Amino acid sequence: MRLISFLLSLVLILVSCPALAQTAQPEIYEAPKQIVVTFTGDCTLGCTPLEREQESGFESFIEKNGLEYPFANVKDIFLQDDLTVINLEGVFYDLDANRAKKTYTFRSPMAYAEMLPLSGIDAVSIGNNHSLDYGVPGQRDTLIALENNGVNWFGTNEYANGTFIYEKDGVKIGFVSAYISFWWGKGNSAIIKQCFADLKAAGCAVIVACIHGGVEYDLRHDNNQEKMADAFIRYGADIVIGHHPHTIQGLRVKDGITTLWSLGNFSFGGNSEVRTLNTYIAQFTFSFDEEGKYLGHQLNIIPAHVSGTTEYNNYQPVLVTGEDAAAVIKAIQYDVKGLKLNPYIEGVGAIQNFVPAPKK
25 MRLISFLLSL VLILVSCPAL AQTAQPEIYE APKQIVVTFT GDCTLGCTPL EREQESGFES
85 FIEKNGLEYP FANVKDIFLQ DDLTVINLEG VFYDLDANRA KKTYTFRSPM AYAEMLPLSG
145 IDAVSIGNNH SLDYGVPGQR DTLIALENNG VNWFGTNEYA NGTFIYEKDG VKIGFVSAYI
205 SFWWGKGNSA IIKQCFADLK AAGCAVIVAC IHGGVEYDLR HDNNQEKMAD AFIRYGADIV
265 IGHHPHTIQG LRVKDGITTL WSLGNFSFGG NSEVRTLNTY IAQFTFSFDE EGKYLGHQLN
325 IIPAHVSGTT EYNNYQPVLV TGEDAAAVIK AIQYDVKGLK LNPYIEGVGA IQNFVPAPKK
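For any residue, its number in the numbering used here is found by taking its place in the sequence shown, counting from 1, and adding 24.
Structure, rendered in structure tokens:
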């Protein structure tokens, strides 16, 4: 509620000043109970074996600047919400053993997991194609490192199956995630369906599904992403958050459910070069009545760049304003059908219209 009041005051100031407010601003929805959840794109908090010893590599930046470095520019946002969730691509693992036979494998020391609570990050999705980069031992140590630092995890793959429930004021929000290749696997959809069933049985008023799929660096989502999102919605998802393409894509609002096709990269240690700069923080405010019944949600798009410089990747996302912010909104709009996104407001974000909950 504190954050919503803060955003509301900023919007009112902007609306009262014609020089700043050039378009009608959306109404800020208020409700007896609200939960603010922040999402980011792919966070690879480690690097490849090739870049591990190089000055341009992620680990070199951390050893020089400290564990709070990657999220220093956005930490204040993470600390003001109720819950911050990232997609964790890679492992916290101290050994080079058990490396998967693939082109890109990402890892960092188990001690690096501390950067998450230091930056206000509360939970991570591991339902992606890099959670097993160092096999079962790497994933095991990753989960140990997360749990030792009080960071919640959720995701389903060949060797792990976990959901996460966040609770505030007697209201529960459940989280589930999976990689598209796992979901396609024989019998695996039943495992994921059971995750949704368990969250419903636990009394979750809202279920957030993180899906990992799509074509890398494609500016538009594909049919496979739609199939996966629609399946998870049938299973019970109220919000769908997409990852994997490494670039931002559009969104869909349909039947009371918002799907974000791809949040792009965020703090991405997987490459010392900046291949795509635009990203954004997706902040949802979920509203409930006094009894905890879900009323709907409102999205604020907070534009950012994955790096503070374009000359190289400094692994430190930075918020952007003005033309840079407008360019992020334009890039999202490029992959949106039948919906005009609300514009960016300086110092606030691009607050979208309230989406009422589906009638059930």
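Ideal Cβ positions, reconstructed from N, Cα and C, are used throughout, including at glycine. From a predicted model like this one, the values you see are computed outputs, not experimental measurements.
With respect to D146, L119 sits apart: the two C-beta atoms are not nearer than 7 Å. Put simply, the backbone Cα of R164 is about 19 Å away from that of I110. Per DSSP, L140 is one residue of the alpha helix (DSSP H) stretching across 139-142. Judged by their CB atoms, S331 and V298 are nearer to each other than the 7 Å cut-off. Cβ neighbours of G159 within its own chain (closer than 6 Å, five residues either side excluded): N122.
The Cβ-Cβ distance between Y117 and G162 falls below 7 Å.
Counting other Cβ atoms within 10 Å of its Cβ, K57 reaches 16 or more and is therefore classed as buried. The continuous stretches of beta strand (DSSP E) do not include R164, which lies in the alpha helix (DSSP H) extending over residues 159-172. For Y190, the beta-bridge partners assigned by DSSP are I197.
Rounded to the nearest whole angstrom, the C-alpha separation of V60 and Q307 is 7 Å.
The beta carbon of T129 sits closer than 6 Å to the beta carbons of R123, D157 from its chain, once the five residues preceding and following it are set aside; these are given in chain order. Per DSSP, I150 is not a residue of any alpha helix (DSSP H), being assigned neither H nor E. Beyond the five residues adjoining it in sequence on each side, D222 comes within less than 7 Å, by CB distance, of T187 in the same chain, given in chain order. Taking the C-beta atoms as reference points, P327 is found no nearer than 7 Å to V342. One Cα belongs to G227, the other to I369, and the distance between them is close to 36 Å.
Taking the Cβ atoms as the reference, H267 lies roughly 17 Å from C219, outside the contact range of under 8 Å. For R276, no alpha helix (DSSP H) segment is defined; the enclosing uninterrupted segment is the beta strand (DSSP E) at 275-278. The three-state reading of DSSP puts G65 in strand, counting E and B together. Between the region 64-76 and the region 129-145, the count of Cβ pairs shorter than 8 Å is three or higher; the stretches touch. Three or more pairs of CB atoms, one per stretch, sit closer than 8 Å, so the region 268-277 contacts the region 235-243. Annotation: the region 71-135 contains the following complete segments of the alpha helix (DSSP H) (minimum length 4 residues), in chain order: 73-76, 82-89, 99-104. In this structure, G320 sits away from A229, with a CB-CB distance that is not shorter than 7 Å. Around the beta carbon of R258, a 10 Å sphere encloses fewer than 16 other beta carbons of the protein chains shown; the residue is thus reported as exposed. With a threshold of 16 other beta carbon atoms within 10 Å, N172 falls short and is exposed. Residue pairing by DSSP places P327 opposite Y304 in a beta bridge. Look at G316 here: in three-state DSSP terms it is coil, with no helix or strand label. For L223, the secondary structure class from DSSP, reduced to helix, strand or coil, is helix. Annotation for V352: the continuous alpha helix (DSSP H) segment containing it runs 346-357. Beta bridge pairing from DSSP links I281 with K278. If you draw a 10 Å sphere on the C-beta of P94, you find 16 or more other C-beta atoms in it, and that means buried. Of the candidates D262, I189, I52, I189 places its Cα closest to the Cα of S149. Between H154 and E113, the C-beta spacing is below 7 Å.
With contacts defined as CB atoms closer than 7 Å, D66 and N337 fail to qualify as a contacting pair. Closest by C-alpha distance to P380, out of I325, S311, T334, T303, is S311. Between the beta-carbon of F82 and that of Y339 there is about 5 Å, and that keeps the pair under the 8 Å contact cut. Annotation for K383: G280 place their beta carbon closer than 8 Å to its own, counting only its chain and skipping 5 residues before and after.
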